[in-house]
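Sequence order for the protein chains is Y and L.
Under our numbering, think of the first position of the first sequence as 962, with each following residue one higher.
Under our numbering, think of the first position of the second sequence as 85, with each following residue one higher.
For glycine and all other residues, C-beta sits at the position ideal for the given N, C-alpha and C.
Note that the structure is predicted; figures quoted are calculated from it, not measured.
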Amino acid sequence: MLEVKNLYKRYKNIVAVDRISFQVKPGRIFGLIGPNGAGKTTTMRMILNIIKPSDGEILFENRKSFNDFYNIVGYLPEERGLYKKSKVIDLLLYFGSLKNMKRSIARNEIMVWLNRFGIKNLAYRKIEELSKGNQQKVQFIASIIHNPKILILDEPFSGFDPINQQEIKNFIIEFVNSGKILILSTHQMDMAEKLCSEIFLINKGKEVCSGELADLKKRFGGNHIRIEFEGNPDFLKIHEMILQYEIFSNYSEIQLRDSIIPSEFLKSIVDMTTLTHFSVIEPSLNKIFIDLVKQSSSKII
Amino acid sequence: MKKIFEIARWEYVEKIRTKSFIISLIITPFVIILFSIIPTMLSEDNPDTTRVFGLLDETNISFTDLNEELSEYKLKNHQPVYLLINLNVKEKSFDENQNDADKKVITRSIDGYILIYKMAKDSLRLEFRGRNFSGSQDITRFETALNNIALKQRLKANNIDPQIINFNKNRISFNQIKITDSGKSNTDFLSVFYTSIIFIVLLTLMIIYSGQMLVRSLLEEKSNRLIEILISSCKSEELLTGKIIGLTALGLTQIFIWAFIALVLTGINVISTNSLQNIPEILVYFILGYLFYTSLLVGIGSVVSTEQEAQHVTSYLSMILIIPIVIILPAMQNPQSDLIKILSFIPLTLPSVMILKLNITDITVLEFAITVIIMIISIFLTIKISAKIFKIGILYYDKMPTLKELKNWIFQK
């Protein structure tokens, strides 16, 4: 288990991370989410031991930072890039050896992974000769080549086409099912929603909320429905049962006041518009994210 | 340790394969040889044909004498170097004669002419008029000849045998021999000059070149965040040390290849063996200097986050490195000057200045020991300071930090 306790980091006058605590359990994907500049990267860097926290501590299996830690952690930074003039195999061997792998073992592993991602034939090509998608694959392999115990992925899906996103998703699930620790940071809420069992939402360095995704939905879910209709949506504007709503191209998501029973609302609108669909829904993580971030931002200001 | 080795190996192997490295490896020695040969060739460039000079003498007394004096200088084929013609046409005025002479110069029928004005009180004024400024060798010869003539005429006027002047022709000139403890002696000024300049220019070029390479590769690692993968895999001290070792190995490879070229050239007598006598000491300063600058640059380079800043850093560096080259000549004239003494204790200029001193004067064992110790301590301190800057600098993506910020980084616990 990876424990983050009371983590605090300040740069001069700016508090980047303000006393956050969480636990990442093996076998469960931990989603670290938050808007830009929330302190996600700083938090990840402190876990990775790249920068030292101003206060607080990080424990892995009840041990504080130790020498071997470098070799059991894998990291995929958000901004990608590789040594352009180097060969794929040389580069991966270098990263493998930096993680204390024997060259011969690393070489075999590399081939297995290149094969899995369908780029085995590119092993002896220079990075700059590869397509952007293939470069991303190489970088992804670089972060997992040493079979880390802790893997930190920052926006792992960006730059991949849907087929490769699927491949990455399969890997992530496989990885975490083998009892390892995985921290996933992303803005793609649909992916986070599908993958993460636990969520930690951070804004302006502070924890906004955290816990199991299902609990979060219950806690912050509210009373949500989805309707599809024909004609003018103006009737939604003045309806007193609606707390807030959002109109998409061919449907609308509505949050009702807590005391309202959805069927009452249905009765009240059948005469106002031509309804083609009505359903009670769970709020999306996206919705929870936006609401909570807005709330927390206004509180802090 | 293993990681340091892996980093060094990566830096070495990846850089040595680059085209620009291979090109610099081959081109630099040739540029230097060219630089050292061309000035020699220019300074010894004697024309091989007789040149025609005129004489326009207002006093009208020195033509025969000057002709005689100048006829001493012969070309290889025993033809005279100078052919002197008298431009004085008696029927014309002096001004007309001068106009005609100028025309002759312009139409290239003569290479130039000597103009002697009669001044008040028996004194003379001399001018050389030509299309180009004549070589200093020609002018010196003309001056000597005319001085001899004047002297002879004075002697004659005082009833002394003008032949006495011939004694003066066997003039004594100094050959400078440097005597060293080991009993070896060095040869002439030019050879010292070129040996010094070759090594100093080599060192300078190598530092500038590898400095640029280092700053650029750090910039690349920073801008595509590779650095974050690297320092999540090893300590920043390991990364720094690995980089310094890798680059130093690269530098040594360069030196050895160049040394090999030098040996081959010595074998075929392009470089005199004399100029290679201080090689072990020179190499010590060379390597220490290279190591010092590399460790300095790893620190400075780590704060750079744009191409523009990288250029600034390398151009400031080049400016500092140019200092020893600028002072080569004054240093050779006065190796004991205070400036040279001071510069030979400042780590930034020490290696080049000491390489220069090794060639000009004899340095004592004590001086050698002190300067080497200064360098080793400086390298040690530079690595310490660079490591502190590096640690923060590589994760610093904003504008270049101010000196105050840098100070904070260095003294931060």
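Rounded straight-line distance, which links the Cα of residue j to that of residue i
| i | j | result |
| --- | --- | --- |
| L1052 of chain Y | N1069 of chain Y | 14 angstroms |
| S1257 of chain Y | T337 of chain L | 59 angstroms |
| R101 of chain L | Q392 of chain L | 26 angstroms |
| E153 of chain L | A229 of chain L | 6 angstroms |
| R192 of chain L | F212 of chain L | 15 angstroms |
| L413 of chain L | S1058 of chain Y | 51 angstroms |
| I1222 of chain Y | P1123 of chain Y | 39 angstroms |
| N974 of chain Y | A999 of chain Y | 16 angstroms |
| R971 of chain Y | F114 of chain L | 54 angstroms |
| I1186 of chain Y | D1151 of chain Y | 18 angstroms |
| N270 of chain L | I444 of chain L | Note that N270 of chain L scores a pLDDT of 46, beneath 50, so its modelled location is shaky and nothing firm can be said. |
| S266 of chain L | L442 of chain L | Caution is warranted here: a pLDDT of 48 is assigned to S266 of chain L, below 50, making its placement in the model unreliable, and no coordinate value can be reported. |
| L1204 of chain Y | D1252 of chain Y | 12 angstroms |
| V1169 of chain Y | L1112 of chain Y | 24 angstroms |
| F1056 of chain Y | E1173 of chain Y | 34 angstroms |
| E1089 of chain Y | T1237 of chain Y | 53 angstroms |
| G1017 of chain Y | V976 of chain Y | 14 angstroms |
| E180 of chain L | K188 of chain L | 12 angstroms |
Interface flag, residue i vs chain L, CB-CB below 9 angstroms
| i | result |
| --- | --- |
| N1061 of chain Y | yes |
| R1006 of chain Y | yes |
| L1143 of chain Y | no |
| F1101 of chain Y | no |
| E1116 of chain Y | no |
| F1136 of chain Y | no |
| L1043 of chain Y | yes |
| I1230 of chain Y | no |
| S1197 of chain Y | For the sequence presented, residue 1197 of chain Y should be read as Leu rather than Ser. Answer no: the Cβ-Cβ gap between L1197 of chain Y and chain L never drops below 9 angstroms. |
| I1011 of chain Y | yes |
| P987 of chain Y | no |
| E1039 of chain Y | yes |
Three-way DSSP call (helix, strand, coil) for residue i in this model
| i | result |
| --- | --- |
| Y972 of chain Y | strand |
| S1171 of chain Y | strand |
| I1235 of chain Y | Inspection of the sequence shows that residue 1235 of chain Y is occupied by Thr rather than by Ile. Three-state result, T1235 of chain Y: strand. |
| E142 of chain L | coil |
| P1117 of chain Y | coil |
| N170 of chain L | strand |
| L993 of chain Y | strand |
| I1221 of chain Y | coil |
| D149 of chain L | helix |
| E1243 of chain Y | coil |
| L1009 of chain Y | coil |
| Y400 of chain L | helix |
| I1208 of chain Y | strand |
| I291 of chain L | helix |
| A977 of chain Y | strand |
| V1034 of chain Y | strand |
| S266 of chain L | At S266 of chain L the pLDDT is 48, less than 50, meaning the model places this residue with poor confidence and gives no usable figure here. |
| R1024 of chain Y | strand |
| V382 of chain L | helix |
| V985 of chain Y | strand |
| R1086 of chain Y | coil |
| D482 of chain L | coil |
Contact belief for residue i with residue j at Cβ below 8 angstroms, rounded distance in angstroms
| i | j | result |
| --- | --- | --- |
| D979 of chain Y | G1166 of chain Y | 4 angstroms |
| D482 of chain L | S386 of chain L | That pair is no contact at about 13 angstroms. |
| R309 of chain L | P1038 of chain Y | 4 angstroms |
| Y1212 of chain Y | E1189 of chain Y | 5 angstroms |
| I439 of chain L | I366 of chain L | 5 angstroms |
| V368 of chain L | I384 of chain L | At roughly 25 angstroms, the Cβ-Cβ gap does not stay under 8 angstroms, so V368 of chain L and I384 of chain L are not in contact. |
| V1099 of chain Y | L1054 of chain Y | V1099 of chain Y to L1054 of chain Y, Cβ: 12 angstroms. No contact. |
| A394 of chain L | L303 of chain L | 5 angstroms |
heavy atom of the ligand NAD below 8 angstroms from residue i C-beta
| i | result |
| --- | --- |
| L450 of chain L | Ligands in the displayed structure: none, and consequently the ligand NAD is not present. |
Chain Y contact for residue i (CB, 9 angstroms cutoff)
| i | result |
| --- | --- |
| K488 of chain L | no |
| L109 of chain L | no |
| I363 of chain L | no |
| V388 of chain L | no |
| T337 of chain L | no |
| L302 of chain L | no |
| W94 of chain L | yes |
| K268 of chain L | Interpretation of K268 of chain L is limited by its pLDDT of 44, a score under 50 that renders its predicted location unreliable; the figure taken from the coordinates is listed afterwards. No - not a single Cβ of chain Y is within 9 angstroms of the one on K268 of chain L. |
| R215 of chain L | no |
Runs of alpha helix (DSSP H) lying entirely within the segment 300 to 358 of chain L, each at least 4 residues, in chain order: 310 to 315 and 320 to 351
Sequence ranges, alpha helix (DSSP H) only - wholly within the segment 158 to 246 of chain L, length at least 4: 178 to 190 and 220 to 241
Any alpha helix (DSSP H) of 4 or more consecutive residues that is wholly inside the segment 1128 to 1186 of chain Y: The segment 1128 to 1186 of chain Y contains these whole alpha helix (DSSP H) runs: 1150 to 1156 and 1174 to 1182.
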